[in-house]
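Student:
Number of protein chains: 2
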Amino acid sequence: MLSKKTKYGIKALVHLAKQEERSPVQIGTISLAENISQKFLESILLSLKKTGILGSKKGKGGGYYLLKDPKDIPMTTVMRVLEGPIAMVPCVSLNFYEKCDDCPDENTCAVNKIMLEVRDSTLEIFKNTTLFDLCL
Amino acid sequence: MLSKKTKYGIKALVHLAKQEERSPVQIGTISLAENISQKFLESILLSLKKTGILGSKKGKGGGYYLLKDPKDIPMTTVMRVLEGPIAMVPCVSLNFYEKCDDCPDENTCAVNKIMLEVRDSTLEIFKNTTLFDLCL
DNA sequence: TTTTACTCTACTAAATCTATAGGGTATTGG
DNA sequence: CCAATACCCTATAGATTTAGTAGAGTAAAA
Chain D
12 MLSKKTKYGI KALVHLAKQE ERSPVQIGTI SLAENISQKF LESILLSLKK TGILGSKKGK
72 GGGYYLLKDP KDIPMTTVMR VLEGPIAMVP CVSLNFYEKC DDCPDENTCA VNKIMLEVRD
132 STLEIFKNTT LFDLCL
Chain W
12 MLSKKTKYGI KALVHLAKQE ERSPVQIGTI SLAENISQKF LESILLSLKK TGILGSKKGK
72 GGGYYLLKDP KDIPMTTVMR VLEGPIAMVP CVSLNFYEKC DDCPDENTCA VNKIMLEVRD
132 STLEIFKNTT LFDLCL
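Going line by line, the protein sequences match chains D and W.
All residue numbers in the first sequence are consecutive under my numbering, ending with 147.
All residue numbers in the second sequence are consecutive under my numbering, ending with 147.
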């Protein structure tokens, strides 16, 4: 299941991507428009900033804004920052790989096998979908 | 992320599917072979029994066994029993649908949109994979 | 009738999620 | 300058889920 953090994060990013101008949008504006707790959203936007997806401007007229064109932000990036691994098990994760401690051999593991397929198909979708596509 | 319950459940089912005879296998045997806590596995197998995937036999020579041919057990069934919804958000779930309380309209929701795609592709894989396929 | 092995309930430690609280700090418009 | 604005950061806490553990009970077979 997707965490609320991810869900809210995506909604906020789409909100920003829909802005015609690339001028900063306040946290309060987004939280109101998207029905998100302001304080929670604050921490989400902060993590999106730290990973280079968003920029921010302080002071009067400040807020958050996208650093890149929505067409250049694939969902793989967004998902990995917000949700973490895309794979359902660490042993098939590309960016967050971990060996299973209970499994003697990945190559013969049934779970590994099917989850690898699922990861590939999910990855394909996220790779080919950008923030721009979600705005349509 | 896949829960250990699901992971262990799949491993146990594959273990049973690999048996040449359809005679009962004890919990202890499976837990030893698959590195799973016996008591935890016990509760998993019980839930698989309650949903009609496994049968059990008590007393000496007892244990659990598959009720159907592995080729007739699709992963959709297994996943829904063990993990619950296949979709990443309740609002795109077929079997566990729930409306989002924060979202005014599903049809215009960006999260709904992409997660629907992911669900479809994942579902396709689970639908076309049976327990038998995982034994190869 | 004794052993074996499943059945069931209850409980719990740990982790994660979903926030909330509250102060700190940089910037900008006036 | 300066005060309002709005981001920045840390700490904490309630709720929920996960991953088991404990222990007694019950059915069946040899």
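Heads up, the beta-carbon is just placed ideally off N, CA and C, and yes, glycines get one too.
Among residues of its own chain, excluding the 5 on either side of residue 135 of chain W, which ones have a beta-carbon nearer than 6 Å to its beta-carbon?
Tutor: Hits under 6 Å: none found.
Student: So residue 76 of chain W and residue 52 of chain W are in contact, right, with Cβ under 8 Å, and what is the actual spacing, rounded?
Tutor: Contact flag wrong, Cβ pair sits at about 15 Å.
Student: How many angstroms separate the CA atom of residue 42 of chain D from the CA atom of residue 48 of chain D?
Tutor: The straight-line gap from Cα to Cα measures roughly 6 Å.
Student: For residue 35 of chain D, count neighbouring C-beta atoms within 10 Å of its own C-beta (all shown protein chains included) and say buried if the count is 16 or more, exposed if not.
Tutor: Classification for residue 35 of chain D: buried.
Student: Quick check: residue 122 of chain W and residue 21 of chain D, are their CB atoms within less than 7 Å of each other?
Tutor: The answer is yes: Cβ separation under 7 Å.
Student: Within the same chain, show all residues whose beta-carbon is closer than 7 Å to that of residue 81 of chain D, passing over the 5 residues directly before and after it, in chain order.
Tutor: These residues qualify, in order along the chain: 28, 141, 142, 143 and 146.
Student: Distance cutoff 7 Å, beta carbons only. Does residue 18 of chain D sit that close to anything in chain W?
Tutor: Yes, residue 18 of chain D lies at the interface with chain W (some Cβ there is under 7 Å from its Cβ).
Student: Could you compute how far the alpha carbon of residue 59 of chain D sits from the alpha carbon of residue 78 of chain D?
Tutor: For residue 59 of chain D and residue 78 of chain D, the distance between alpha carbons rounds to 11 Å.
Student: So, helix, strand or coil for residue 68 of chain D, using DSSP?
Tutor: If DSSP states are grouped into helix, strand and coil, residue 68 of chain D belongs with the strands.
Student: Contact criterion: CB-CB distance below 7 Å. Does residue 128 of chain D meet it with respect to chain W?
Tutor: Chain W, which has a Cβ nearer than 7 Å to the Cβ of residue 128 of chain D, makes this yes.
Student: Along chain W, in chain order, which residues have C-beta atoms closer than 8 Å to that of residue 132 of chain D?
Tutor: Neighbours of residue 132 of chain D on chain W, chain order: 132, 133, 135 and 136.
Student: What residues from chain W crowd round residue 46 of chain D, counting only those whose CB sits closer than 7 Å?
Tutor: In chain order: 113.
Student: In the structure shown, what three-state DSSP assignment does residue 81 of chain W receive?
Tutor: Helix.
Student: For residue 74 of chain W, which residues does DSSP report across the bridge?
Tutor: W:68.
Student: Report the neighbours of residue 140 of chain W on chain D: residues whose CB is nearer than 7 Å to its CB, in chain order.
Tutor: Under the 7 Å cutoff, chain D gives 125.
Student: On the criterion of 16 or more Cβ atoms from any shown chain inside 10 Å, does residue 137 of chain D qualify as buried, or is it exposed?
Tutor: Flag for residue 137 of chain D reads buried.
Student: So with CB distances below 9 Å, who are the chain W contacts of residue 77 of chain D?
Tutor: Within 9 Å Cβ-Cβ: nothing; residue 77 of chain D doesn't reach chain W, min ~14 Å.
Student: Less than 7 Å between CB atoms is the rule here; does residue 145 of chain W satisfy it with respect to chain D?
Tutor: With 7 Å as the cut-off, residue 145 of chain W counts as an interface residue toward chain D.
Student: Kindly list the residues whose CB is nearer than 8 Å to the CB of residue 100 of chain D, restricted to its own chain and excluding five residues on each side of it in sequence; keep chain order.
Tutor: Excluding sequence neighbours, residue 100 of chain D sits near 111, 122, 123 and 126.
Student: Quick one, which residues of the region 22-44 of chain W are near chain D if we go by CB-CB under 7 Å, in chain order?
Tutor: Residues passing the 7 Å Cβ filter: 22 and 25.
Student: Thinking just about the alpha-carbon of each residue, which of D:90, D:38 and D:24 is nearest to the one in residue 12 of chain D?
Tutor: Ranking D:90, D:38 and D:24 by Cα distance to residue 12 of chain D puts D:90 first.
Student: With DSSP collapsed to three states, give me the class of residue 100 of chain W.
Tutor: Three-state result, residue 100 of chain W: coil.
Student: Roughly how many angstroms lie between the CA atoms of residue 65 of chain W and residue 96 of chain W, to the nearest whole one?
Tutor: Looking at the two C-alpha atoms, the distance is approximately 20 Å.
Student: Report the neighbours of residue 13 of chain D on chain W: residues whose CB is nearer than 8 Å to its CB, in chain order.
Tutor: Within 8 Å Cβ-Cβ: 99, 100, 122 and 126.
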